[in-house]
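S.K.: One structure coming up, written as structure tokens, with questions to follow.
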Amino acid sequence: MKADLPHGYWNPKIELLPRKDLRRIQLERLKQAIREAWKSCRFYRDRMERHGITPDTIATLEDFFKRFPITRRDDLDKDQLDNPPYGTRLAVPFENALRYHTTSGTTGKPPVKAFDTERDWIWGGNCWASSLYNFGVRPEDIVMVAFGYGSFIGFWGAHYGFEKIGCRVHPTGGMDSKTRIQILLNLGITVLCCTPSYALRLLHVAKEEGVDLARKSKLEKIVVAGEPGASIPSTRAMIEAGFDAHLGDFMGTTETAGMTAAACSKLCGGLHINEDRYLTEVVNPHTLEPVGYGERGMMVLTPLVKQAMPLLRYATNDIVILDKSDTCPCGRVFELFRGGILGRYDDVVKVRGVQLTPQMIEEIVRGFPEVEEFFTTVEKRGGLDGLLIKLELRENIDQQFIQDIGSRIRAKFKTHIGLTPEIETVPRNSLPRFELKARRFRDERPQGQKGEP
Amino acid sequence: MNKRSPSLKKGDEKKLLSAYKILEEFSQHDLPVVRFNCRKAKNELWQALFELDLLPSS
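Each protein sequence line maps, in turn, to chains D and F. In this text, residue positions in the first sequence follow my numbering: the first is 1, and each later residue adds one. In this text, residue positions in the second sequence follow my numbering: the first is 1001, and each later residue adds one.
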């Protein structure tokens, strides 16, 4: 790597606080958030009344975890459908709702519409700023944000976070990859901010252009978010080696417009949860009972201060594993999500009895650096479920490799997952490319035959 | 590594809260250039006070 990441604390008063004091702050902020929601937010007032809850019911964090109802994405969708256009979650006068943004729409559902007040937006930018600083971003950094700057919130918060730290920020919305590579080289960019898929895409385009970004660029840090790629070891290794830079994984949710958890400069493999801003739970997705440290579960999220659109106990569907804070040597008291977001419960499919996620496929396929792009489908063939993986290979690949790759990938799948996929190589540039929220997996089995995970 | 972490000095908290009150007052000023800039600055400072757990509980 080009340089070690600088260590420091954005807010040592809170980041080094004893956990019991942190829990006290969380409880105070939670009570305030519930009081505000009760007073000003029809969506939550109705839900609380339906469940026989008032602000006084919630005296402890445990009361909240046990008694407060979960909010699901479907609840938000239904509310906005029943009460167009924005639903009943808006808790401030409309003229105070300053920023409008949406979810990405990649799930196929209509995007959730969200508003922020000026204070919310500053809060979201600060969530990013603190996480970026703790990862090692400093005022002297020169940043390229490779993102479309549309209504999807994406990296808007990152842009403001970088600016708050004092970095020079180059927005590159609407530019193609070749132009971005030129900017990266010509302007001495030290931090690249994008999705893991797009980082790989830039590497591929640079290679086609004969540019070795590891040698020619001044990149030291890559900030990725929006996809689980950084938690996939083979993808992570490919990005870090390709740029010769430190990769920092950041995880947020559009519905909260903030940064929930992020890697610190010690890069221990976990992402510190911004616990002074968020209350997080990890629960069994079926029973909603809490799971213990080190166990897989669904992240349930409560941002502790949101003026415009409160969100309380939001079931994210993200798969995470909680670790205690002492698993990282940085000294912060904030607990961690091991490896970041490991996938989504709504992406888990069952194929011939095997529970499969897109991340499991990516981990194997990215282990073959000759593969440039891939796409997987689950299909019903002859009454049986089958997995088909289409591969695009890089240029100038050895003929012997092309002949062998199918059997090598099949063998690895058989050993690691217990399934044997069909492999098909397809012409270069025939598979879709992604800048945001890559979808390299599609279940094409008829409805009702998809096998419940 | 904790010992060298910067921290607020004696009196800093009071000064920050005073600054917030001043900005809050000027956020209502009739003159747009004063009103809008002070409102933004007030909200930025609110964030620092929130993160430092210095806001009086309401």
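Even for Gly, the Cβ is constructed at its ideal location relative to N, Cα and C.
Which residues share a DSSP beta bridge with Phe-250(D)?
M.R.: Ala-262(D).
S.K.: Buried or exposed for Ala-438(D), please, with buried defined as at least 16 other CB atoms from any protein chain shown within 10 angstroms of its CB.
M.R.: Its Cβ being crowded by 16 or more others within 10 Å, Ala-438(D) is buried.
S.K.: Can you tell me whether Arg-274(D) is buried or exposed? The criterion is at least 16 other CB atoms within 10 Å of its CB, across all chains shown.
M.R.: The question names Arg, but residue 274(D) is Asn in the sequence shown. Answer is buried; the Cβ neighbour count reaches 16.
S.K.: Within the 9 Å Cβ cut-off, does Pro-18(D) reach chain F?
M.R.: With 9 Å as the cut-off, Pro-18(D) does not count as an interface residue toward chain F.
S.K.: Quick check: is the beta carbon of Asp-1053(F) nearer than 9 Å to any beta carbon in chain D?
M.R.: Chain D, which has a Cβ nearer than 9 Å to the Cβ of Asp-1053(F), makes this yes.
S.K.: For chain D, check one thing: does any of its Cβ atoms lie closer than 9 Å to the Cβ of Pro-1032(F)?
M.R.: Chain D, which has no Cβ nearer than 9 Å to the Cβ of Pro-1032(F), makes this no.
S.K.: Count the CB pairs spanning the segment 154 to 171 of chain D and the segment 111 to 129 of chain D that are closer than 8 Å, and state whether there are at least three.
M.R.: At 8 Å Cβ cutoff, the stretches touch.
S.K.: Which residues mark the beginning and the end of the beta strand (DSSP E) in which Gly-124(D) is found?
M.R.: No beta strand (DSSP E) contains Gly-124(D), which is instead part of the alpha helix (DSSP H) from 118 to 135.
S.K.: Output yes if chain F places a C-beta closer than 9 Å to the C-beta of Asp-276(D); else output no.
M.R.: Yes - at least one Cβ of chain F is within 9 Å of the one on Asp-276(D).
S.K.: At the 9 Å Cβ level, is Leu-1008(F) part of the contact set with chain D, yes or no?
M.R.: Closer than 9 Å: yes.
S.K.: For Gly-294(D), which residues in the same chain have their Cβ closer than 8 Å to its Cβ, ignoring the five residues on either side in sequence?
M.R.: Here the set comprises Ile-321, Leu-322, Asp-323, Arg-338.
S.K.: Tell me which residues share the same chain as Cys-41(D) and place their Cβ nearer than 7 Å to its Cβ, disregarding the 5 neighbours each side in the sequence.
M.R.: For Cys-41(D), where only same-chain residues beyond five positions count, the Cβ hits under 7 Å are Arg-89, Ala-91, Pro-310.
S.K.: Based on the DSSP secondary-structure assignment, which residues constitute the bridge partners of Met-238(D)?
M.R.: Met-238(D) pairs with nothing; no bridge assigned.
S.K.: Name the DSSP beta bridge partners of His-51(D), please?
M.R.: His-51(D) is not bridged to any residue.
S.K.: If I'm right that Leu-301(D) touches Tyr-314(D) with Cβ under 8 Å, what's the distance once you round it to whole angstroms?
M.R.: Indeed they touch by this definition, with Cβ atoms about 5 Å apart.
S.K.: Is the CB of Ile-518(D) under 9 Å away from at least one CB in chain F?
M.R.: Lying outside 1 to 453, the shown extent of chain D, residue 518(D) is not represented and no answer is given.
S.K.: When you compare the CB positions of Ala-245(D) and Leu-192(D), do they come within less than 9 Å of one another, or not?
M.R.: Going by C-beta atoms, Ala-245(D) is nearer than 9 Å to Leu-192(D).
S.K.: Determine contact between the segment 219 to 233 of chain D and the segment 245 to 256 of chain D, defined as no fewer than three beta-carbon pairs at a distance below 8 Å.
M.R.: Yes: the two stretches touch, three or more of their Cβ pairs being nearer than 8 Å.
S.K.: Could you spell out where the alpha helix (DSSP H) holding His-204(D) opens and where it closes?
M.R.: Counting along the chain, the alpha helix (DSSP H) containing His-204(D) begins and ends at 196 to 208.
S.K.: Let's see if you can read the secondary structure: which residues bound the alpha helix (DSSP H) around Arg-67(D)?
M.R.: Its alpha helix (DSSP H) spans residues 61 to 67.
S.K.: Going by DSSP in three states, Met-298(D) sits in which element: helix, strand or coil?
M.R.: DSSP places Met-298(D) in strand when its eight states are reduced to three.
S.K.: Look at the alpha carbon of Arg-67(D) and the alpha carbon of Ile-53(D), and state the distance between them as a whole number of angstroms.
M.R.: Looking at the two C-alpha atoms, the distance is approximately 8 Å.
S.K.: Can you give the beta carbon distance from Phe-368(D) to Ile-405(D), rounded, assuming they're within the 8 Å contact cut?
M.R.: About 7 Å separates the two Cβ atoms, so the contact holds.
S.K.: Please report the distance separating the alpha-carbon of Glu-424(D) from that of Glu-444(D).
M.R.: Cα to Cα, Glu-424(D) sits roughly 17 Å from Glu-444(D).
S.K.: Determine whether the Cβ of Ser-1018(F) lies closer than 9 Å to any Cβ atom of chain D.
M.R.: Not closer than 9 Å to any Cβ of chain D, the Cβ of Ser-1018(F) fails to qualify, so no.
S.K.: Quick one: list the residues of chain D neighbouring Phe-1036(F), beta-carbon separation under 9 Å, in chain order.
M.R.: Those within 9 Å of Phe-1036(F) in chain D number zero; the least Cβ separation is about 10 Å.
S.K.: In whole angstroms, give me the CA-to-CA distance for Glu-509(D) and Pro-290(D).
M.R.: Outside the shown range of chain D (1 to 453) lies residue 509(D), about which nothing can therefore be said.
S.K.: Taking Cβ positions only, does Asn-1002(F) come closer than 9 Å to chain D?
M.R.: Because Asn-1002(F) sits at a pLDDT of 49, beneath the cut-off of 50, its placement in the model cannot be relied upon, and the following sentence gives the value as read from the coordinates. Taking Cβ atoms only, chain D reaches closer than 9 Å to Asn-1002(F), which makes this a yes.
S.K.: Would you mind listing the beta strand (DSSP E) stretches within the segment 131 to 177 of chain D that are 3+ residues and don't spill past its ends, in chain order?
M.R.: Listed in chain order, they are 142 to 145, 168 to 171.
S.K.: Contact defined as beta carbons within less than 8 Å: I believe Met-298(D) pairs with Ser-131(D). What is the distance between those atoms, to the nearest angstrom?
M.R.: Between Ser-131(D) and Met-298(D) the Cβ distance is about 22 Å, and since that is not below 8 Å, they are no contact.
S.K.: Return no unless some Cβ of chain D is closer than 9 Å to the Cβ of Gln-1028(F).
M.R.: Answer no: the Cβ-Cβ gap between Gln-1028(F) and chain D never drops below 9 Å.
S.K.: Given that Glu-1044(F) touches chain D, what residues does it touch there, using C-beta distances under 8 Å?
M.R.: Those within 8 Å of Glu-1044(F) in chain D are Ile-122.
S.K.: Of all Cβ atoms in chain D, is any one closer than 9 Å to the Cβ of Lys-1040(F)?
M.R.: It does; some Cβ of chain D falls within 9 Å.
S.K.: Would you mind working out which of Val-205(D), Ile-70(D), Val-112(D) sits nearest Gly-87(D), comparing C-alpha positions?
M.R.: Out of Val-205(D), Ile-70(D), Val-112(D), Val-112(D) has the C-alpha closest to the C-alpha of Gly-87(D).
S.K.: Answer yes or no: does any C-beta atom of chain F fall closer than 9 Å to that of Ser-130(D)?
M.R.: Yes, Ser-130(D) counts as interfacial toward chain F.
S.K.: Is the beta carbon of Ile-189(D) closer than 9 Å to that of His-170(D)?
M.R.: Going by C-beta atoms, His-170(D) is nearer than 9 Å to Ile-189(D).
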